[in-house]
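Engineer: Below you'll find the structure I mean.
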Amino acid sequence: MIDPSVFIGSYPFRQVPHPEPAILARVMEREGIAHAWVGHLPSAFADNPAAGNTELYGALEPHREILSPAPTIRPDRPDWKTELDGAARAGAAAIRAFPPQWRMAAGDRALADLAIACGERELPVVLTVRFEDLRQRKAADTFGDLTGAAIRALARAGSDVRLVVCAAGRDLIEEVHWGLTPLEQSRVLWDISWIWGPPDDHLAKLFRSMGSTRFVFGSQWPLRLVQSPKANLELLPDDLATAPLGDPAAMFD
Amino acid sequence: MTVVNASPLIDAHAHFLHAGCGRSDWRDVNAARFRAGDTMGITCHVASVLGSYGFTSPTYFPSPADATSGNDAMLEICAKEGARVRMLVTVNPNHTDHALDEIDRCVAAGAIGVKLLASRRADDPLLDPICELAAAKQLPILHHIWQHRTREWPNQEISDGADLAKLARRHPTVWFILAHIGGGGDYQHTFPAVKDVPNILPDISGSGVDRGMLDDAIKALTSQRLLFGTDLTMETGLAKLRALDATGLCSPDDLEDIRWRNAVRIFGDKAFAR
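Chains as they are written, first to last, in the working numbering: chain Y, 147 to 399; chain L, 25 to 298.
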């Protein structure tokens with residue numbers, strides 16, 4: 147099981163306990179998670195994430211068997227293609243992009259260029275819909291959630307584009323999925339970190355309507371409890387108890 | 025399959041739907057709560073029905089008629105389900121006479137506590153007659169809470185921990201359950217706001233599963249001040265149950281307190297007798 151939604155590093159709006167790779171490795175062992183794609187949380191808010199990427203590569207080095215870097219590439223930086231090539235050489239499993247934090251709207255050409263360039267290098271783009279519930283955001287956190295329009299625009303940007311969308315709820319997932327052609331739908335995987343379980347059973351409903359293989363495990367560690375997506379899977383109705391999840395590492399197969 | 029089954033587990037914050045809520049799938053949702061509850065090992069759902077859930081009056085401002093029909097539905101569920109369900113009677117304090125009559129009626133039929141929504145701010149004097157009746161009948165009150173009220177939000181008269189603390193200080197013999205520390209807002213504001221008000225016990229329900237939330241709650245309040253609960257998302261309840269164990273801050277006895285003993289302490293032994 148791969149968790150493509152985890153981070154290391156601090157979060158600017160709240161104290162997050164022990165967001166270090168050694169702790170992450172211990173949690174993964176305890177929870178039976180084989181591998182994680184790891185982003186650098188402060189880089190989501192950085193004008194230039196290059197230094198954060200360097201820090202990420204170094205921090206993960208002792209744990210590379212189970213932790214793969216998912217560095218951040220800002221396509222509004224003049225040297226972003228160089229940084230992207232560097233990420234590929236560094237063994238990145240995916241590239242992270244944060245359009246709301248970069249004030250990039252749906253249909254932004256630079257974002258599309260990034261997604262296409264990542265696809266050409268067989269690197270999925272990992273998007274994060276939100277870091278925190280809207281109701282608890284601090285006054286200084288003025289970034290909105292990633293919109294469905296932005297996700298749809300990227301899914302349509304090119305045939306090689308592959309997206310892993312993290313921290314979406316049922317409404318956003320359905321809005322995007324049913325607004326794409328079947329081919330475009332096949333380019334998008336969704337993590338289950340923010341999808342409600344019983345009694346409303348959003349996860350079960352999505353498995354039934356879209357197919358379980360459109361979804362991947364995801365925890366949003368260190369912001370959220372890693373036990374939550376596991377519990378969600380365990381509480382599925384019996385007929386979905388063995389439903390297979392998608393494999394984010396096989397998006398280009 | 026039961027994934028947690030070591031001892032009793034009382035869900036102190038549950039809801040059921042009913043035919044009057046405007047959702048055609050209401051039976052499925054109720055069945056899903058029992059299905060997931062059985063898997064988790066929940067031995068008792070302490071539940072309420074919130075009027076018509078917005079269908080004929082707002083969820084947080086239920087009309088007297090909707091409060092009554094919702095409570096009737098809840099009484100029916102209790103009658104059918106026996107020991108695995110207990111009832112909190114839902115009232116709107118803006119309608120004082122109706123609220124007091126409804127508490128009398130439903131307690132006579134078996135309700136073990138009161139559910140207050142966000143129909144009136146928690147420190148409002150209109151809540152006093154309800155609290156006085158709750159004190160007389162030894163009924164805990166579950167109060168909907170927004171963790172740190174920084175502004176008004178639509179469709180509710182939101183209260184936070186500080187607001188509830190004012191009410192609880194006025195009624196020191198009533199147990200107050202502060203709803204869902206994971207239910208939205210800044211829980212780090214809540215813990216110090218209620219720390220010195222020992223008749224407030226927060227429940228850990230809510231969709232929020234922030235790392236550090238449970239640790240902060242235990243450090244500020246101790247395990248003897250927390251109640252297990254799920255509210256609208258049972259998977260987060262199960263996750264928190266497991267995370268409590270992983271905090272390293274709870275002894276096995278502490279976990280039992282959160283799972284069920286604290287609930288028995290405030291509702292009373294008889295509340296959960298078969």
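For every residue, glycine included, the Cβ atom is placed at its ideal position computed from N, Cα and C. In this text the structure is predicted, and so the values were computed from the model without any measurement.
In chain L, which residues lie less than 7 Å from residue 370 of chain Y when you measure between Cβ atoms?
Structural biologist: Taking the first residue of the first sequence as 1, we reach residue 370 of chain Y at position 224. Simply 233, 234, 235.
Engineer: Give a yes or no on whether the minimum CB-CB distance between residue 336 of chain Y and chain L is below 7 Å.
Structural biologist: As a first step, residue 336 of chain Y is located in the first sequence; it is residue number 190 there, counting from the start. With 7 Å as the cut-off, residue 336 of chain Y does not count as an interface residue toward chain L.
Engineer: Is the beta carbon of residue 72 of chain L closer than 7 Å to that of residue 112 of chain L?
Structural biologist: Counting from 1 along the second sequence, the entry for residue 112 of chain L is found at position 88. Counting from 1 along the second sequence, the entry for residue 72 of chain L is found at position 48. Cβ distance < 7 Å, so residue 112 of chain L and residue 72 of chain L count as in contact.
Engineer: Taking its Cβ as the centre, do 16 or more other Cβ atoms sit within 10 Å of residue 196 of chain L, making it buried, or is it exposed?
Structural biologist: Position 172 of the second sequence holds residue 196 of chain L. It counts as exposed.
Engineer: List, in chain order, every chain L residue whose beta-carbon is nearer than 7 Å to that of residue 373 of chain Y.
Structural biologist: By 1-based counting over the first sequence, the position of residue 373 of chain Y is 227. Ordered by position in chain L, the residues that pass the 7 Å Cβ test against residue 373 of chain Y are 263, 266, 267.
Engineer: Residues of chain Y with CB under 7 Å from residue 71 of chain L, in chain order?
Structural biologist: Looking up residue 71 of chain L in the second sequence gives position 47. Residues of chain Y passing the Cβ test: none, with the nearest at roughly 11 Å.
Engineer: Could you list which residues in chain Y have their beta carbon closer than 9 Å to that of residue 98 of chain L, in chain order?
Structural biologist: Indexing the second sequence from 1 puts residue 98 of chain L at position 74. The premise fails here: residue 98 of chain L is roughly 15 Å from chain Y at the closest Cβ pair, so nothing lies under 9 Å.
Engineer: What residues are listed by DSSP as bridge partners for residue 35 of chain L?
Structural biologist: Taking the first residue of the second sequence as position 1, residue 35 of chain L is located at position 11. In DSSP, residue 35 of chain L forms a bridge with L:69.
Engineer: Which chain L residues sit within Cβ distance under 7 Å of residue 162 of chain Y?
Structural biologist: Taking the first sequence and counting its residues from 1, the one referred to as residue 162 of chain Y is at position 16. Correct list: 235, 236.
Engineer: Please report how far the alpha carbon of residue 155 of chain Y lies from the alpha carbon of residue 310 of chain Y, in whole angstroms.
Structural biologist: Here the question's residue 155 of chain Y lines up with position 9 in the first sequence. Here the question's residue 310 of chain Y lines up with position 164 in the first sequence. The alpha-carbon atoms of residue 155 of chain Y and residue 310 of chain Y are separated by roughly 21 Å.
Engineer: May I ask you to list, following chain order, the residues of the segment 271-288 of chain Y that have a beta carbon less than 7 Å from some beta carbon of chain L?
Structural biologist: Residues passing the 7 Å Cβ filter: 279, 281, 282.
Engineer: Give me the chain Y residues within the contact set of residue 210 of chain L, using Cβ-Cβ distance strictly less than 7 Å, ordered along the chain.
Structural biologist: Your numbering for residue 210 of chain L matches position 186 in the second sequence. Near residue 210 of chain L (Cβ distances below 7 Å), the residues of chain Y are 282.
Engineer: Hey, how far is the Cα of residue 286 of chain Y from the Cα of residue 125 of chain L?
Structural biologist: Mapped onto the first sequence, residue 286 of chain Y falls at position 140. Mapped onto the second sequence, residue 125 of chain L falls at position 101. Their backbone Cα atoms lie some 46 Å apart in a straight line.
Engineer: From residue 315 of chain Y to residue 340 of chain Y, what distance separates their C-alpha atoms?
Structural biologist: The sequence position of residue 315 of chain Y within the first sequence is 169, counting from 1. The sequence position of residue 340 of chain Y within the first sequence is 194, counting from 1. Rounded to whole angstroms, residue 315 of chain Y to residue 340 of chain Y spans 5 Å at the Cα level.
Engineer: Under DSSP, the beta strand (DSSP E) around residue 111 of chain L begins and ends at which residues?
Structural biologist: As a working mapping, residue 111 of chain L is identified with position 87 in the second sequence. Counting along the chain, the beta strand (DSSP E) containing residue 111 of chain L begins and ends at 109-115.
Engineer: Note down, one range per segment and in chain order, each beta strand (DSSP E) of at least 3 residues found wholly within the segment 230-255 of chain L.
Structural biologist: As far as the segment 230-255 of chain L is concerned, it has no whole beta strand (DSSP E) run of at least 3 residues.
Engineer: So for residue 161 of chain Y, helix, strand or coil by DSSP?
Structural biologist: Within the first sequence, numbered from 1, the residue matching residue 161 of chain Y stands at position 15. Three-state result, residue 161 of chain Y: coil.
Engineer: At 4 residues or longer, what runs of the alpha helix (DSSP H) sit wholly inside the segment 230-311 of chain Y?
Structural biologist: The qualifying runs are 255-266, 294-301.
Engineer: Between the Cα of residue 296 of chain L and those of L:160, L:79, L:192, L:67, spot the shortest distance and give me the residue it belongs to.
Structural biologist: Reading the second sequence from its first residue, position 272 is the one you call residue 296 of chain L. Nearest of L:160, L:79, L:192, L:67 to residue 296 of chain L, Cα basis: L:67.
Engineer: With three or more beta-carbon pairs closer than 8 Å as the criterion, would you say the segment 30-39 of chain L touches the segment 79-86 of chain L?
Structural biologist: Verdict: no, contact absent.
Engineer: Expressed to the nearest angstrom, what Euclidean distance is found between the alpha-carbon atoms of residue 26 of chain L and residue 255 of chain L?
Structural biologist: Taking the second sequence and counting its residues from 1, one reaches residue 26 of chain L at position 2. Taking the second sequence and counting its residues from 1, one reaches residue 255 of chain L at position 231. Its pLDDT being 47, under 50, residue 26 of chain L is placed unreliably by the model, and nothing is read from it.
Engineer: Residues in its own chain within less than 6 Å of residue 403 of chain Y by CB, not counting five upstream and five downstream?
Structural biologist: The shown model of chain Y, from 147 to 399, leaves out residue 403 of chain Y, and the question about it has no answer.
Engineer: Using the three-state DSSP reduction, which class does residue 336 of chain Y fall into: helix, strand or coil?
Structural biologist: Position 190 of the first sequence, counting from 1, holds the residue named residue 336 of chain Y. Residue 336 of chain Y falls in the strand class under three-state DSSP.
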